[in-house]
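Enquirer: What follows is a single structure, and I will ask about it in a moment.
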Amino acid sequence: MARVFVITGPSGVGKGTLIRGLMQRFPELELSVSATTRGPRAGERDGVDYYFLEPEEFERLIAAGEFVEHADYAGRRYGTLRSELADRVRTGTPVVLEIEVQGARQVREAMPEAVLVFIAPPSLEELRSRLSGRATDDEAEVERRLRVAEGELEARREFGHVVVNDRLEDALEQLTQILARELGHAPGRD
Ligand code: ADP
Ligand code: 5GP
1 MARVFVITGP SGVGKGTLIR GLMQRFPELE LSVSATTRGP RAGERDGVDY
51 YFLEPEEFER LIAAGEFVEH ADYAGRRYGT LRSELADRVR TGTPVVLEIE
101 VQGARQVREA MPEAVLVFIA PPSLEELRSR LSGRATDDEA EVERRLRVAE
151 GELEARREFG HVVVNDRLED ALEQLTQILA RELGHAPGRD
């Protein structure tokens, strides 16, 4: 039974929000903490939201083969450390990765048993409004992310599951059904 779940899709589509909902419904699910070279946003904590690394340290870890996948996104580096997955895969602990499309492709190659879900926005206009509404990125960064999103949206067909995050509750329900099937049981809490 699949135990590695990859939630991918453009920035601002609602991946993080949906994953928080999933983790409430499936308390055994653990989140893989990614490494990044971008700086922390207000309230983000090192080792909890991300491992915030200097570019040199990130490069050193790539050279040492420490990443399952890594990618450049909007001028920064992001990646999943092998150490985030190894023990969980060994013990069968279900783990969820929230990563962009290039990384999701690499996981698909490296771990064919992983379940990949692409989260799509109802429209680019709605994506823009969510990115601006989140108020974590300035206008230039929002534009950069939207430009990347146009390419990412073309990749949706590559993934086994596509969930359109229009109404949050509907999208969460669809994701819950995918996980329930893969984990072999109904959600523990609602
Ligand atoms: P991501 O993790 O994909 O970058 P977030 O989870 O941070 O996206 O969501 C981006 C913004 O959109 C947040 O402000 C979130 O509250 C909002 N949001 C998420 N899902 C929906 C939805 N279905 N309808 C409206 N707003 C949403
Ligand atoms: P943000 O800067 O908004 O936290 O993340 C930007 C993008 O990078 C998002 O699409 C997010 O899903 C993605 N991302 C976060 N962690 C990783 C990772 O470990 N690997 C890859 N490939 N992408 C990631």
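Letter by letter, the sequence shown follows residues 1 to 190 of the working numbering.
Here a beta-carbon is modelled for each residue, glycine too, at the ideal position from N, C-alpha and C.
(1) Could you check whether the region 92-100 touches the region 38-49, counting it as contact only if at least three pairs of C-beta atoms, one from each stretch, sit closer than 8 Å?
(2) So the candidates are Phe159, Gly75, Ile19; which of them puts its Cα closest to the Cα of Arg108?
(3) Could you check the C-alpha separation between Ala149 and Leu183 for me, to the nearest Å?
(4) Val163 and Leu175: beta carbons closer than 9 Å?
(5) Given the structure, does Gly133 come close to ligand 1, in the sense that its CB is under 8 Å from one of the ligand's heavy atoms?
(6) Nearest-angstrom Cα distance between Pro112 and Ala135?
(7) Return the CA-CA distance between Leu61 and Tyr73, expressed in angstroms with no decimal places.
(8) By the three-class DSSP mapping on this structure, what secondary structure does Leu81 have?
(9) Confirm, please, whether the CB-CB distance from Glu141 to Val101 is below 9 Å.
(10) Alpha carbon to alpha carbon, how far is Arg156 from Pro201? Give it in angstroms, no decimals.
(11) What residue ranges within the region 16-59 form continuous beta strand (DSSP E) runs of no fewer than 3 residues, ordered along the chain?
(12) Using a threshold of 9 Å, state whether the C-beta atoms of Glu98 and Gly39 are closer than that.
Expert: Concretely, from the data shown:
(1) No, the region 92-100 does not touch the region 38-49.
(2) Closest option to Arg108, Cα to Cα, is Phe159.
(3) The straight-line gap from Cα to Cα measures roughly 30 Å.
(4) Yes, the pair counts as a contact, with Cβ atoms nearer than the cut-off.
(5) At a threshold of 8 Å, Gly133 counts as near ligand 1, since its beta carbon sits closer than that to one of the ligand's heavy atoms.
(6) Approximately 36 Å between the Cα atoms of the pair.
(7) Cα to Cα, Leu61 sits roughly 17 Å from Tyr73.
(8) Three-state DSSP puts Leu81 in a strand.
(9) Inclusion of Val101 and Glu141 in the CB contact set at 9 Å is not warranted, their separation being larger than that value.
(10) The structure shown does not extend to residue 201, since the chain is modelled only from 1 to 190, so the question has no answer here.
(11) The qualifying runs are 34-36, 50-52.
(12) Their beta carbons are not under 9 Å apart, which means Glu98 does not touch Gly39 by this criterion.
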